[in-house]
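Per my numbering: the sequence shown = residues 255 to 548.
Notes to accompany the following structure.
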Amino acid sequence: MKFAATPASADVYALGEGPVWDAARQRLLWVDIVAGAVHEGLVAPETGIVTATGRHAFGSTVGAVAVSADGRLIVAEKEILTRLDADGRRTELARVLAPGVRSRLNDGAVDPAGRFLIGSLAQDDRHGEEVLARLDETGLTYLDTDLVLSNGLAWSPAGDRLYSVDTIPGTVWVRDYDPPSGKAGPRREAFTITDGKPDGMCADADGNLWIANWGRGRVECRTPTGHLLAAVETGAPHTSSAAFAGPDLDVLVITTSTLGLAEQDLAAHPDSGRLFTARVGVRGLPSPYWAPLD
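Written as structure tokens, this is what we have:
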């Protein structure tokens, strides 16, 4: 099954990523990684148009954002996790990456119990040294330390399976997961994508995965074993992530990027870097709220 996404934002982002739906405030959050910014916006339920309403600038790259029930944000800066309060106060919560390491934090998500997970990618030629870490009241736990480019995260509807993307080898990993205790089992390969590079992802209420395909300009819906069910074409080659939004969680919001596109590519794909939306006939899972550590 094929769907076509519609450009939904007036603004263009260098590396749009990490959309998150904040149901309590009926707002969309997303980041522009290279601009070091967290954005807020409203999604029109009828048209899917996203209207930007706010921006929070940081002095480094910003890989991901999540929100607590009371509206506070956790932001993955280049090497650290930062809490942003409603009054603008910023508090460093944890250092994930050692100073001087040529890596940066990348995609992140909140587990069903409110813990924040975040991955990293290398900014040099190192291979297989990137991490997937989790922050909770006990501190940082490193689930993986041998990834190439840690990317999208999603849980099954019951919360008992965690899916994670390693983009360069194209692997989607799965592991057993116990939300109450946070116990995570050993990872195993769920499937590998060889056509394009899997990037950010989310899960729908049926347990299928919606995976952005960087380089192929689409979001792919796949079963937990990798069977391709549908594709959402964006017309923007560098499609980076997706999330379900709106009051009924039936609007698929897709982020894209202009990064690395030559002038002729941008001319051929003029909506690159915008947010896109599509209705794909299914509903997403509610985004869990991050549980602050105070």
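By construction, the Cβ of each residue, glycine as well, lies at the ideal position given by its N, Cα and C atoms.
Quick caveat, the model's predicted, so the values are computed rather than measured.
Review point. How would you call E294, buried or exposed, if buried means at least 16 neighbouring beta carbons within 10 angstroms?
Key: Under this definition E294 is a buried residue.
Practice item. Verify whether the separation of the beta carbon atoms of P411 and D460 is less than 9 Å. Key: Taking 9 Å as the Cβ cut-off, P411 and D460 qualify as a contacting pair.
**Study point:** Distance between beta carbons of T510 and S526, contact taken as under 8 Å
**Key:** About 6 Å separates the two Cβ atoms, so the contact holds.
Check your understanding: Roughly how many angstroms lie between the CA atoms of Q280 and T446, to the nearest whole one?
Key -> Roughly 35 Å between the two C-alpha positions.
Check your understanding: Per DSSP, which one or two residues make a beta bridge with G538?
Key -> Paired residue(s): D458.
Review point. How close, in whole Å, do the beta carbons of Y417 and A438 come, if the pair is a contact with beta carbons under 8 Å?
Key: Actually they are not in contact, since the Cβ atoms of Y417 and A438 sit about 12 Å apart, beyond 8 Å.
**Study point:** Identity of the residues DSSP links to V274 by a beta bridge
**Key:** Secondary-structure assignment with DSSP links V274 through a beta bridge to L283.
Review point. Helix, strand or coil: which one does DSSP assign to L520?
Key: DSSP places L520 in helix when its eight states are reduced to three.
Check your understanding: Residues in its own chain within less than 8 Å of R442 by CB, not counting five upstream and five downstream?
Key -> Only W427, V428, R429 meet the Cβ criterion.
Exercise for review: Note down the Cα distance separating R472 from N462, rounded to an integer number of angstroms.
Suggested key: Their Cα atoms are separated by approximately 16 Å.
**Study point:** T488 versus P273: straight-line alpha-carbon distance, rounded
**Key:** Using only the alpha carbons, I get a separation of about 16 Å.
**Study point:** Bounding residues of the beta strand (DSSP E) (the contiguous stretch that carries A323)
**Key:** Annotation for A323: no beta strand (DSSP E) segment contains it, and DSSP assigns it neither H nor E.
Review point. Between the segment 394-410 and the segment 377-384, are three or more C-beta pairs nearer than 8 Å?
Key: Segments in contact, yes.
Point to revise | For G406, the first and last residue of its enclosing beta strand (DSSP E) | key: 404-409 is the span of the beta strand (DSSP E), which, as asked, contains G406.
Review point. What residue range is occupied by the uninterrupted beta strand (DSSP E) comprising E474?
Key: For E474, the enclosing beta strand (DSSP E) begins and ends at 472-476.
Review point. Under a Cβ-count criterion, where at least 16 other Cβ atoms within 10 Å of its own Cβ denotes burial, should H492 be classed as buried or exposed?
Key: Buried is the call here.
Review point. Going along the chain, which residues of its own chain have a beta-carbon closer than 7 Å to the beta-carbon of G424, five neighbours each way excluded?
Key: Counting only Cβ-Cβ distances below 7 Å, and skipping sequence neighbours, we find T446, I447, T448, K451, P452.
**Study point:** Distance between beta carbons of R528 and A262, contact taken as under 8 Å
**Key:** Indeed they touch by this definition, with Cβ atoms about 7 Å apart.
Check your understanding: Name the DSSP bridge partner or partners of A311?
Key -> A311 is bridged to A291.
**Study point:** Extent of the continuous beta strand (DSSP E) to which W544 belongs
**Key:** DSSP places W544 in no beta strand (DSSP E); its state is neither H nor E.
**Study point:** Nearest residue (CA-CA) to G290, options A306, F312, G270, F370
**Key:** With distances taken between Cα atoms, G290 lies closest to F312.
**Study point:** Three-state class that DSSP yields for D453 in the structure shown
**Key:** D453 falls in the strand class under three-state DSSP.
Exercise for review: Assign M255 to one of two classes, buried (16 or more other C-beta atoms within 10 Å of its C-beta) or exposed (fewer than that).
Suggested key: By the 10 Å Cβ count, M255 comes out exposed.
Check your understanding: Helix, strand or coil: how does DSSP classify A490 here?
Key -> Reduced to three states, the DSSP call for A490 is coil.
Practice item. Excluding the 5 residues preceding and the 5 following V321 in the sequence, name in chain order all residues of the same chain whose CB lies nearer than 7 Å to its CB. Key: Spatial neighbours of V321 in its own chain (CB-CB distance under 7 Å, excluding positions within 5 residues in sequence) are listed in chain order as V274, D276, L283, L327, Y543, W544.
Review point. Just reading off the beta strand (DSSP E) that L303 is part of, what are its end residues?
Key: Just to set this straight, residue 303 is Ile in the shown sequence, not Leu. Here I303 belongs to no beta strand (DSSP E), and DSSP marks it neither H nor E.
Practice item. Could you tell me which residues DSSP pairs with A348 in its beta bridges? Key: DSSP output for A348 lists L335 as bridge partner(s).
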